[in-house]
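Participant: Handing you this structure, nothing more for now.
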Amino acid sequence: MRRFRSLLAITCLALLTGCSSSIPADPEGTLERVTGGTLRVGVSESPPWVETTGHGEPAGTEPDLVREFAERLGAEPEWTEDGEEHLMEALERGELDMVIGGFTDTTPWADFGAVTVPYAAEERDVARKKHVMIVRMGENAFLVALERFLLAEGASA
Numbered sequence: 004m005r006r007f008r009s010l011l012a013i014t015c016l017a018l019l020t021g022c023s024s025s026i027p028a029d030p031e032g033t034l035e036r037v038t039g040g041t042l043r044v045g046v047s048e049s050p051p052w053v054e055t056t057g058h059g060e061p062a063g064t065e066p067d068l069v070r071e072f073a074e075r076l077g078a079e080p081e082w083t084e085d086g087e088e089h090l091m092e093a094l095e096r097g098e099l100d101m102v103i104g105g106f107t108d109t110t111p112w113a114d115f116g117a118v119t120v121p122y123a124a125e126e127r128d129v130a131r132k133k134h135v136m137i138v139r140m141g142e143n144a145f146l147v148a149l150e151r152f153l154l155a156e157g158a159s160a
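The sequence shown begins at 4 in the working numbering and counts up by one.
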């Protein structure tokens, strides 16, 4: 009986050791790839949050935040301007790391990616709109890094 308990304890310890991977995790390694590399950002025009120029360098609140986030990661943003549907499809395929475009926490695109914590709010009509960004589904370490950045920047929604 003692031998059985010892064997069971060793087996449990081995199983728990195998579970000690870092959490949150990125199955596709987004945070690791982006850090010191390229942050691939989909951009959909939505003034004043995102204004496209047609020359690859968007302006507005969200691109400014993304530039600062990329700088903190030692990354260079690579901008892709397109319509929301095409950008979300590219996000799902892993061709983009995140998408910005004046999205709110009630966006119908939440099924295509993970929505960040709200970083800003505005009163529009009779509702309060909370603005978010969208990242690739399942890339939780990247999402947490972005959310920590947004919160440190004073996300106030």
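We put the CB at the ideal spot given by N, CA and C, even for glycine.
Suppose only complete runs of 4+ residues qualify. What are the alpha helix (DSSP H) ranges in the stretch 25 to 69, listed by chain order?
Facilitator: Entirely contained in the stretch 25 to 69, the alpha helix (DSSP H) runs reaching 4 residues are, in chain order, 33 to 37.
Participant: Identify every residue that forms a DSSP beta bridge with Trp82.
Facilitator: Val44
Participant: Between which two residues does the alpha helix (DSSP H) harbouring Glu92 extend?
Facilitator: 87 to 96
Participant: So, with DSSP's three-state summary, where would you put Arg8?
Facilitator: Its pLDDT being 46, under 50, Arg8 is placed unreliably in this model, and the value from its coordinates should be taken loosely. Helix at Arg8.
Participant: Would a C-beta distance cut-off of 8 Å place Gly39 and Ala78 closer than the cut-off?
Facilitator: Yes; because the gap between Cβ atoms is below 8 Å, this pair is in contact.
Participant: Please classify Asp33 as buried or exposed, where buried requires at least 16 neighbouring CB atoms within 10 angstroms.
Facilitator: For the record, residue 33 in the displayed sequence is Thr; it is not Asp. Buried is the call here.
Participant: State yes or no: is the C-beta of His134 within less than 8 Å of the C-beta of Gly105?
Facilitator: Closer than 8 Å, so yes.
Participant: Taking its Cβ as the centre, do 16 or more other Cβ atoms sit within 10 Å of Asp67, making it buried, or is it exposed?
Facilitator: exposed
Participant: Which word fits Pro61, buried or exposed, when buried means at least 16 other C-beta atoms lie within 10 angstroms of its C-beta?
Facilitator: buried
Participant: Please report the straight-line C-alpha distance between Thr56 and Arg70, rounded to a whole angstrom.
Facilitator: 16 Å
Participant: Would you list the residues sitting across from Glu172 in a DSSP beta bridge?
Facilitator: Because residue 172 is not part of the residues shown, which for the chain are 4 to 160, the question remains open.
Participant: Suppose you measure from the CA of Trp82 to the CA of Thr64; what does that come to, to the nearest Å?
Facilitator: The alpha-carbon atoms of Trp82 and Thr64 are separated by roughly 15 Å.
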